[in-house]
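A short write-up of the structure that comes next.
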Amino acid sequence: MHPLTYLQGYPEPLLAQVRALIAERRLGAVLEKRYPGVHDCATDRALWHYTQDLKSRYLRNAPPVNKVMYDSKIHVLKNALGLHTAVSRVQGGRLKAKAEIRIATVFRSAPEPFLRAIVVHELAHLKEKDHNKAFYQLCCHMEPQYHQLEFDIRLWLTQLSLAQDKV
1 MHPLTYLQGY
11 PEPLLAQVRA
21 LIAERRLGAV
31 LEKRYPGVHD
41 CATDRALWHY
51 TQDLKSRYLR
61 NAPPVNKVMY
71 DSKIHVLKNA
81 LGLHTAVSRV
91 QGGRLKAKAE
101 IRIATVFRSA
111 PEPFLRAIVV
121 HELAHLKEKD
131 HNKAFYQLCC
141 HMEPQYHQLE
151 FDIRLWLTQL
161 SLAQDKV
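Sequence positions in the sequence shown follow full-length UniProt numbering and run 1 to 167.
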């Protein structure tokens, strides 16, 4: 049986349902039915515009995001789906901080709700650095289905892993 790497920490009854879907070879079909198609943000430029639209809608007063891009160096296996960084540089006598968001390239071919959940997660870090209650409240403010999407992303990654194991 395939290890449920992305679903660690979830209750056993839920994991049993996932194992049953995997055993019946239905996990991919269930996800495809729930989330048909992929988004159209295939380039870094399109991703930047997508992120800026969400930021301007929900986080107008947050610090600006200077760079948004897909990053092939992010390894999903290490539990990172995206990264937010603050790069600080000294320019003259001032300290300049620039915020960057990097999204794992696997999300180039993901359904749009999955990309939205990842971008929302990284944008929330502009205001809340830690994964605390306020952080998740902000995520849910920007995306009401955030927790369901986070779980479904983990299911999708499990399905991708299963398909890769077959190759």
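Cβ atoms here follow ideal geometry from the backbone N, Cα and C, with glycine treated the same way.
E112 in three-state terms, based on DSSP: Three-state DSSP puts E112 in a helix.
For L160, which residues of its own chain have a beta-carbon under 8 angstroms away from its beta-carbon, when the five flanking residues on both sides are left out? The residues are V106.
Spatially closest choice to P111 from A97, A16, A46 and R34, by CA coordinates: The residue with the shortest Cα to Cα distance from P111 is R34.
Are I103 and V65 touching if we call contact CB-CB under 9 angstroms? Not a contact, by the Cβ cut-off of 9 angstroms.
Are the beta-carbon atoms of T158 and L7 separated by less than 9 angstroms? Judged by their CB atoms, T158 and L7 are nearer to each other than the 9 angstroms cut-off.
Within a Cβ cutoff of 6 angstroms, which residues of the same chain sit near H39, ignoring the five residues on either side of it in sequence? If we look at H39 and ignore the five residues flanking it on each side, its Cβ neighbours are E112 and L115.
Rounded to whole angstroms, what's the CA-CA distance from I22 to V30? Just pull it up for me. Cα to Cα, the separation comes out at about 11 angstroms.
Could you tell me the distance, in whole angstroms, from the CA atom of L27 to the CA atom of H147? Approximately 19 angstroms, taken between the alpha carbons.
Starting from D71, trace the beta strand (DSSP E) in both directions and tell me its first and last residue. Taken as a continuous stretch (DSSP letters only), the beta strand (DSSP E) holding D71 covers V65 to D71.
Run the CB neighbour count on A117, radius 10 Å, all protein chains shown included, and call it buried at 16 or more, exposed below. It counts as buried.
By Cβ distance below 6 angstroms, which residues in the same chain neighbour M142 in space, the five residues on each side in sequence not counted? For M142, where only same-chain residues beyond five positions count, the Cβ hits under 6 angstroms are Y58 and V120.
Could you tell me if Y10 is buried or exposed, where buried requires 16 or more neighbouring beta carbons within 10 angstroms of its beta carbon? Around the Cβ of Y10, a 10 Å sphere holds fewer than 16 other Cβ atoms; the residue is exposed.
Are the beta-carbon atoms belonging to A123 and T51 less than 9 angstroms from one another? Residue 123 is actually Leu in this sequence, not Ala. Yes; because the gap between Cβ atoms is below 9 angstroms, this pair is in contact.
Span of the alpha helix (DSSP H) around A42: It is not in any alpha helix (DSSP H) - A42 carries neither H nor E in the DSSP assignment.
With 16 as the cutoff for other CB atoms within 10 Å, does A97 come out buried or exposed? Exposed, since its Cβ has fewer than 16 Cβ neighbours within 10 Å.
Which class does A104 belong to by DSSP, given the choice of helix, strand or coil? In the structure shown, A104 sits in a strand (DSSP, three-state: E or B).
DSSP three-state assignment for A62, whether helix, strand or coil: For A62, the secondary structure class from DSSP, reduced to helix, strand or coil, is coil.
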